[in-house]
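Here the structure comes first, spelled out in structure tokens, and everything after it is commentary.
Numbering (the UniProt record's numbering), first residue to last: 1 to 496.
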């Protein structure tokens, strides 16, 4: 009875079949809890990073890459364990990060104890009006490693790196599970609604962080609770697995019994001429922890997806650096920065949520994957041109909002559809490595580009924006090629 009411409610936004309801509901709430947890602690993380000095931000991104290089293969290994189901592996990942947030709460509490309470109180009382006209530059220089002890610095660095890793691995692992129980057709209808769960989580998490910014590190405990709820709801993504396997996934039906060899032959031809060894062959040749990387290197299609996501990360990180720089030089109190970060996240989440509930399914169904994944690169070009002409705070705010709305309403669901045409091993192992490792490679590349450009051109955002245009143009070409190829493979798989 409860499920039928849910079907009626969801049908207002998307077309959902009865056997899809359970997986859809649990996926929606799993993403809701993950993103709520992330955006509850995000302002605390960013404010802690600013306290270490803006000049250290690129270094933090490089450190995030190094941590990801170590962690990404282990996340693939969890899905490779022989006696652990994919669902149990997903629960373990969420619960592991939940416990880790409790550990960081303890570390943050003890690291802050030695950092003079009066200093924190004094910084909260500061306002931009109290600063002298020439204090803008000194404000930035007042932050830095020299002003804090090694324990304080280590905890802030650790939290910055860990929260970024949490976001990538939990989201990528959950999407891997979702695309394993849905095919191209159902994904086009339902991915937007599932993404709306993530956006609603962003909105609720940001609003909570805004209203409860004064509790500081206690936000970590609430985020840990949310991650545990994500672990619980992730169990139900496959609760109707037997039914879903039969009705939702014709691709996986062809991969059974006497048809498995034929499918391997077809997939070899459908992957841009890239030879694709069977799972058993890979496991004999490669250490299981590196299997995800091996699958990527052995598939031209996955390599092109990697290029697309790398370019996406470069552009996204470029805008992040500009946003943080502006906030750091205009808001003097740590409490004020936490509130402003949360308010920006809340504002964009409202538009994203409306778009995902009303537009995503229709756009993906009518316009297709190619249009979806080309949208954000096109908007990126417009944003860079706008920043080159009007390099101020208002332009940055508008461009950031527009970029995020288009990304999460259209491009991100389309990006997930790129993976519905690949094998199960590629969904759980290669996809996680691409989403996590390649994303961090893009962040590190953007950090290096940011440091070089702003160091050589004296921090001119106008000129830096022009240097980013070739990246966006290459991004558009890559997206167009990938979209066409995905549509071709999907049609060929349906004929199997």
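Ideal placement from N, C-alpha and C gives every residue a C-beta, glycine not left out.
Residue i versus residue j: straight-line alpha-carbon distance, rounded
| i | j | result |
| --- | --- | --- |
| residue 472 | residue 312 | 8 Å |
| residue 466 | residue 381 | 9 Å |
| residue 81 | residue 310 | 28 Å |
| residue 412 | residue 438 | 15 Å |
| residue 188 | residue 151 | 48 Å |
| residue 156 | residue 46 | 9 Å |
| residue 219 | residue 290 | 35 Å |
| residue 440 | residue 153 | 22 Å |
| residue 29 | residue 335 | 30 Å |
| residue 41 | residue 483 | 35 Å |
| residue 207 | residue 492 | 46 Å |
| residue 78 | residue 463 | 45 Å |
| residue 19 | residue 445 | 44 Å |
| residue 414 | residue 422 | 15 Å |
| residue 308 | residue 443 | 13 Å |
| residue 350 | residue 474 | 30 Å |
| residue 17 | residue 424 | 23 Å |
| residue 416 | residue 149 | 43 Å |
| residue 394 | residue 379 | 17 Å |
| residue 452 | residue 49 | 20 Å |
| residue 319 | residue 167 | 18 Å |
| residue 118 | residue 294 | Residue confidence for residue 118 is low, a pLDDT of 37 falling below 50, so the modelled location carries little weight; the figure read from the coordinates is stated next. Answer to the nearest angstrom: the Cα atoms are 53 Å apart. |
| residue 476 | residue 297 | 22 Å |
| residue 15 | residue 449 | 44 Å |
| residue 213 | residue 171 | 25 Å |
| residue 272 | residue 370 | Only weak support exists for where residue 272 lies, its pLDDT of 41 falling under 50; the value from the coordinates is given anyway. For residue 272 and residue 370, the distance between alpha carbons rounds to 17 Å. |
| residue 89 | residue 426 | 16 Å |
| residue 203 | residue 362 | 23 Å |
| residue 111 | residue 69 | 27 Å |
| residue 364 | residue 229 | 30 Å |
| residue 163 | residue 100 | 10 Å |
CB contact flag (residue i, residue j, <8 Å)
| i | j | result |
| --- | --- | --- |
| residue 306 | residue 91 | no |
| residue 201 | residue 347 | no |
| residue 190 | residue 64 | no |
| residue 488 | residue 418 | no |
| residue 27 | residue 178 | yes |
| residue 375 | residue 61 | no |
| residue 479 | residue 391 | no |
| residue 231 | residue 428 | no |
| residue 31 | residue 197 | yes |
| residue 205 | residue 35 | yes |
| residue 93 | residue 436 | no |
| residue 73 | residue 368 | no |
| residue 173 | residue 75 | yes |
| residue 227 | residue 372 | no |
| residue 304 | residue 13 | no |
| residue 165 | residue 67 | yes |
| residue 447 | residue 58 | yes |
Proximity winner among the options, relative to residue i (alpha-carbon distances)
| i | options | result |
| --- | --- | --- |
| residue 355 | 442, 406 and 380 | 406 |
| residue 102 | 490, 395 and 224 | 224 |
| residue 339 | 211, 112, 76 and 388 | 211 |
| residue 109 | 300, 44 and 358 | 44 |
| residue 353 | 293, 416 and 193 | 193 |
| residue 420 | 384, 294, 183 and 359 | 183 |
| residue 345 | 371, 415, 324 and 76 | 324 |
| residue 357 | 107, 409, 97 and 111 | 409 |
| residue 490 | 9, 67 and 185 | 185 |
| residue 385 | 83, 166, 297 and 399 | 399 |
| residue 301 | 58, 434, 52 and 452 | 434 |
| residue 397 | 373, 343 and 426 | 343 |
| residue 85 | 68, 237 and 450 | 237 |
| residue 512 | 362, 364 and 195 | Given a span of 1 to 496 for the chain in the structure shown, any question on residue 512 remains unanswerable. |
| residue 56 | 203, 321 and 199 | 321 |
| residue 404 | 199, 107, 362 and 100 | 199 |
Rounded distance between the beta-carbons of residue j and residue i, thought under 8 Å
| i | j | result |
| --- | --- | --- |
| residue 366 | residue 468 | About 31 Å separates the two Cβ atoms, so there is no contact after all. |
| residue 209 | residue 39 | 6 Å |
| residue 430 | residue 181 | Incorrect: roughly 18 Å between the Cβ atoms, too far for contact. |
| residue 221 | residue 105 | 5 Å |
| residue 383 | residue 359 | That belief does not hold up - the Cβ atoms of residue 383 and residue 359 are roughly 20 Å apart, past 8 Å. |
is_contact[residue i, chain D] using C-beta, thresh 8 Å
| i | result |
| --- | --- |
| residue 367 | The displayed structure is made up of one protein chain only, and chain D is not part of it. |
Enumerate, from N- to C-terminal direction, the unbroken alpha helix (DSSP H) stretches of 4 or more residues contained entirely within the stretch 364–393. 369–389
Can you give, in chain order, each stretch of the alpha helix (DSSP H) that sits fully within the stretch 421–480 and has at least 4 residues? Within the stretch 421–480, complete alpha helix (DSSP H) segments of at least 4 residues are found at 439–456, given in chain order.
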